[in-house]
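S.K.:
In this note's numbering, the protein residues as written are 8 to 663.
1. For the alpha helix (DSSP H) holding residue 256, just list the boundary residues, first then last.
2. Taking the DSSP output, what are the residues bridged to residue 155?
3. If we call anything under 8 Å between Cβ atoms a contact, is residue 84 one with residue 56?
4. Given a cut-off of 8 Å on the beta-carbon distance, is the pair residue 473 and residue 657 in contact?
5. Below 8 Å, how does it come out for the region 600 to 615 and the region 583 to 591: are there three or more Cβ pairs, yes or no?
6. Closest to residue 59 by CA distance: which of 77, 488 and 425 is it?
7. Inspect the CB distances between the region 309 to 320 and the region 338 to 353 and report whether three or more fall short of 8 Å.
8. Quick one: give me the first and last residue of the alpha helix (DSSP H) that residue 145 is part of.
9. Expressed to the nearest angstrom, what Euclidean distance is found between the alpha-carbon atoms of residue 359 and residue 310?
10. Could you spell out where the alpha helix (DSSP H) holding residue 338 opens and where it closes?
11. Please classify residue 581 as buried or exposed, where buried requires at least 16 other C-beta atoms within 10 Å of its C-beta.
12. Three or more C-beta pairs closer than 8 Å, one from the region 463 to 482 and one from the region 416 to 433: is that the case here?
13. Give the DSSP-derived three-state secondary structure of residue 569 in the structure shown.
14. CA-CA distance, residue 663 and residue 329?
15. Less than 8 Å between the CB atoms is what I'm expecting for residue 563 and residue 594, so what's the real figure, rounded?
16. What does residue 449 pair with, by DSSP beta-bridge criteria?
17. Thinking C-alpha only, which one of 70, 89 and 446 is nearest residue 414?
18. Which of helix, strand or coil does DSSP assign to residue 193?
19. Give the single residue among 113, 123, 102 and 574 whose Cα lies nearest to the Cα of residue 130.
20. Does residue 408 come out as helix, strand or coil in the three-state DSSP assignment?
21. With DSSP collapsed to three states, give me the class of residue 206.
22. What are the boundary residues of the alpha helix (DSSP H) that includes residue 56?
23. At what residues does the beta strand (DSSP E) containing residue 556 begin and finish?
24. Considering residue 424, what are the terminal residues of the beta strand (DSSP E) in which it resides?
25. Take residue 521 as the anchor and find which of 623, 169, 596 and 557 has the nearest alpha-carbon.
26. Return yes when the Cβ of residue 606 is within less than 8 Å of the Cβ of residue 641, no when it is not.
27. Just how far apart, CA to CA, sit residue 275 and residue 370?
28. For residue 215, which residues of its own chain have a beta-carbon under 6 Å away from its beta-carbon, when the five flanking residues on both sides are left out?
29. Could you compute how far the alpha carbon of residue 43 sits from the alpha carbon of residue 75?
30. If you draw a straight line from the alpha carbon of residue 116 to that of residue 54, how long is it in whole angstroms?
31. Could you say which of 48, 100 and 124 lies nearest to residue 87 if we only look at CA atoms?
32. For the structure I just gave you, are there three or more beta carbon pairs, one from the region 181 to 188 and one from the region 157 to 172, closer than 8 Å?
33. Among 523, 507 and 529, which one has its Cα closest to the Cα of residue 492?
34. Going by the CB atoms, is the gap between residue 90 and residue 41 shorter than 8 Å?
35. What does residue 186 pair with, by DSSP beta-bridge criteria?
36. At the level of alpha carbons, what is the spacing between residue 29 and residue 206?
As structure tokens, this is what we get:
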């Protein structure tokens, strides 16, 4: 079934025309004395006057309320050009509305005051006429030539009403009795015939009105054609952009789908591998547990049985001694002692210490789940370890050369580690950064722009952060150029140079200044977060969970200090040493649990080198490593090993 069409009437059409084209955008009423701006937008004259008052009245500019383009005023708003076409259209719509109104009610004569019913309209006088006024028009000589049409002709559309405003011809401002019938191409304005021959325009290119109109229409047609071409090009561009956007959307959807699919596969594969490794480790732990549990249960049962026999024998001997006479007691003495001797000799097949077992899990790095630590010997006691620490460390591998030519180290006093446990060492004598896995696997890093590197560390993104006085420079292994650099003291600490460097688990970079006794905290891009006081700070600094730790050497004391990220002092403790005479603290580091390890060396350097162990809150736990070497710096690897820089070598220690 065809849908019903709306009842379109003449009144409906006129209303739509009025709303869409004849309403002022400012007052929302039908245009009154419309004025047109340079941007071709039209508004009521009074509305524009109000707009001009709200804008800067003293200026000769008027900003269009719709498009914000400026129009230069040559006087006030009334001097703007009138929009005659719009005024004519308003007039024509008003007349048509009156004609429609006359079909429903009486339309009065506009030529007399008798309020007679109008029957016609004089197109020259632009008035509705009654029968009497129409007759008068016919008798008067001046009006005999006027065109008069009946209301029926106008209402039926037989005759179309055109506003006389369309016939308006502007007059010359200088010669008010003359029409503007000449167009000056030079001045691009209409002039009268008198002005055209005056000094102002006598040498100008002037043409009559019809020629100027034809030329204007040609120019407009030419520019319209270009605009249409540009319009078509813009439409083509939009179509191509839409097609590219659609293609981009499709590629994006396909790409993200592939990424997710691959990620799901990898997650499933890795999960499967981890679960398999988990199952293997659990089975290994289960086997170890069951074996040791069975041994312990058997030993307990044996000991329980012998305990019962011993208790019974003791009870019997005690009763005998209590109840027997002195003669009987002495007579049975050998037998009593023999029975007691048997009880004292009955021991378990294995003593409790010999059956003590140790089982733990050591987390791995990367995709490795970790490993079981299984021991059948007793857990190491404190008297076995160095000076009170409960953890024993053993040298795993020393590295004394690097590179394909096996160069010896000159002065290694700064080290850091990457997430794959690879070591980054700074050899200040060779002025190089070196990565090490072993003596056989090492590489000199070719980093552009390094001049005087003094400190090195690694952030969570495996970027190598170097203090190359006075700048902080960030590199990536395998990329020679500097990713980013900044000068932390610029404009703030101009009289001092940085003396120590550290990074936290996020993107905070801490730079210490010995002379200023301050630490400046920066984001990775170098922007300053804050500056905090750091009394007695020197050349070594590390961070753990929003706390900063550093060492102090001087005034016949060696200290470990800690401040929080707001500069509040957390603790200050002495650093002990087994060295006789003087000693000084070098580098320090924190493991994943917050344990603090400090490298200590005797002075002069031919004395002991030590690694002293502190808890995260500054409690001294003991000396964990002692070597006859100078220990300059220390760091922890993700695998939980300690790496120590000993001037001429890099040594890796692991827990045993």
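The beta-carbon is built from N, C-alpha and C at its ideal position, and this holds for glycine as well. All values reported here derive from a predicted model rather than from experimental measurement.
M.R.: Concretely, from the data shown:
1. Counting from one through the chain shown, the residue named residue 256 turns up at place 249. For residue 256, the enclosing alpha helix (DSSP H) begins and ends at 216 to 330.
2. Position 148 of the chain shown, counted from the first residue, corresponds to residue 155. Residue 155 is bridged by DSSP to 129.
3. Position 77 of the chain shown, counted from the start, is the residue given in the question as residue 84. Position 49 of the chain shown, counted from the start, is the residue given in the question as residue 56. By the CB criterion at 8 Å, residue 84 and residue 56 fall inside the cutoff.
4. Your numbering for residue 473 matches position 466 in the chain shown. Your numbering for residue 657 matches position 650 in the chain shown. For the 8 Å CB-CB criterion, residue 473 and residue 657 do not form a contact.
5. The region 600 to 615, when compared against the region 583 to 591, does touch it at the 8 Å Cβ threshold.
6. Position 52 of the chain shown, counted from the start, is the residue given in the question as residue 59. For residue 59, the nearest C-alpha among the options comes from 77.
7. The region 309 to 320, when compared against the region 338 to 353, does touch it at the 8 Å Cβ threshold.
8. Walking along the chain shown from the start, residue 145 turns up at place 138. Membership of residue 145 in the alpha helix (DSSP H) is indicated by the continuous run 138 to 146.
9. Within the chain shown, the letter at position 352 stands for residue 359. Within the chain shown, the letter at position 303 stands for residue 310. Note on residue 359: pLDDT 48, under 50, position unreliable in the model; no value is reported.
10. Taking the first residue of the chain shown as 1, we reach residue 338 at position 331. Start and end: 333 to 338.
11. Start at 1 with the first residue of the chain shown, and residue 581 comes out as number 574. Residue 581 comes out exposed.
12. Contact between the region 463 to 482 and the region 416 to 433 is present: 3 or more CB-CB pairs across the two stretches fall below 8 Å.
13. In the chain shown, the residue the question calls residue 569 occupies position 562. Three-state DSSP puts residue 569 in a strand.
14. The residue given as residue 663 occupies position 656 in the chain shown. The residue given as residue 329 occupies position 322 in the chain shown. Straight through space, the alpha carbons of residue 329 and residue 663 are spaced by roughly 56 Å.
15. The residue labelled residue 563 in the question sits at position 556 within the chain shown. The residue labelled residue 594 in the question sits at position 587 within the chain shown. Going by Cβ atoms, the distance from residue 563 to residue 594 rounds to 21 Å, so no, they are not a contact pair.
16. Within the chain shown, residue 449 is the residue found at index 442, counting from 1. Answer is 443, bridged to residue 449.
17. The sequence position of residue 414 within the chain shown is 407, counting from 1. Among 70, 89 and 446, the Cα nearest to that of residue 414 is on 446.
18. For this step, residue 193 is matched to residue 186 along the chain shown. Coil, per DSSP.
19. For this step, residue 130 is matched to residue 123 along the chain shown. Nearest to residue 130 by C-alpha distance, out of 113, 123, 102 and 574, is 102.
20. Taking the first residue of the chain shown as position 1, residue 408 is located at position 401. Strand.
21. Your numbering for residue 206 matches position 199 in the chain shown. Coil.
22. Residue numbering aside, residue 56 sits at position 49 when the chain shown is read from its first letter. Counting along the chain, residue 56 sits inside the alpha helix (DSSP H) bounded by residues 52 to 61.
23. Position 549 of the chain shown, counted from the start, is the residue given in the question as residue 556. Where residue 556 is concerned, the enclosing beta strand (DSSP E) stretches over 554 to 561.
24. Looking up residue 424 in the chain shown gives position 417. Per DSSP, residue 424 is one residue of the beta strand (DSSP E) stretching across 419 to 424.
25. On the chain shown, residue 521 is found 514 positions in, with the first residue counted as 1. If you compare the alpha carbons of 623, 169, 596 and 557 with that of residue 521, the shortest gap goes to 557.
26. Stepping through the chain shown from its first residue, residue 641 is reached at position 634. Stepping through the chain shown from its first residue, residue 606 is reached at position 599. Residue 641 is a Cβ neighbour of residue 606, given a cutoff of 8 Å.
27. Reading the chain shown from its first residue, position 268 is the one you call residue 275. Reading the chain shown from its first residue, position 363 is the one you call residue 370. So the two alpha carbons sit approximately 21 Å from each other.
28. The sequence position of residue 215 within the chain shown is 208, counting from 1. Shown here for residue 215: not one same chain residue has a beta carbon closer than 6 Å to its own, the five before and five after excluded.
29. Working through the chain shown from its first residue, we reach residue 43 at position 36. Working through the chain shown from its first residue, we reach residue 75 at position 68. Their backbone Cα atoms lie some 14 Å apart in a straight line.
30. Residue mapping note: residue 116 aligns to position 109 of the chain shown, counting from 1. Residue mapping note: residue 54 aligns to position 47 of the chain shown, counting from 1. For the pair residue 116 and residue 54, the Cα-to-Cα distance works out to about 32 Å.
31. Here residue 87 refers to the residue found at position 80 when the chain shown is read from its first residue. Per the Cα distances, 48.
32. With the cut-off at 8 Å, the region 181 to 188 and the region 157 to 172 do not touch.
33. Looking up residue 492 in the chain shown gives position 485. Minimum Cα distance to residue 492 is reached at 529.
34. Working through the chain shown from its first residue, we reach residue 41 at position 34. Working through the chain shown from its first residue, we reach residue 90 at position 83. Yes, Cβ-Cβ distance for residue 41 and residue 90 is below 8 Å.
35. Sequence index remark: in the chain shown, residue 186 carries index 179 (1-based). Under DSSP, residue 186 takes part in a beta bridge, and its partners are 178.
36. Reading the chain shown from its first residue, position 22 is the one you call residue 29. Reading the chain shown from its first residue, position 199 is the one you call residue 206. So the alpha carbons of these two residues sit roughly 43 Å apart.
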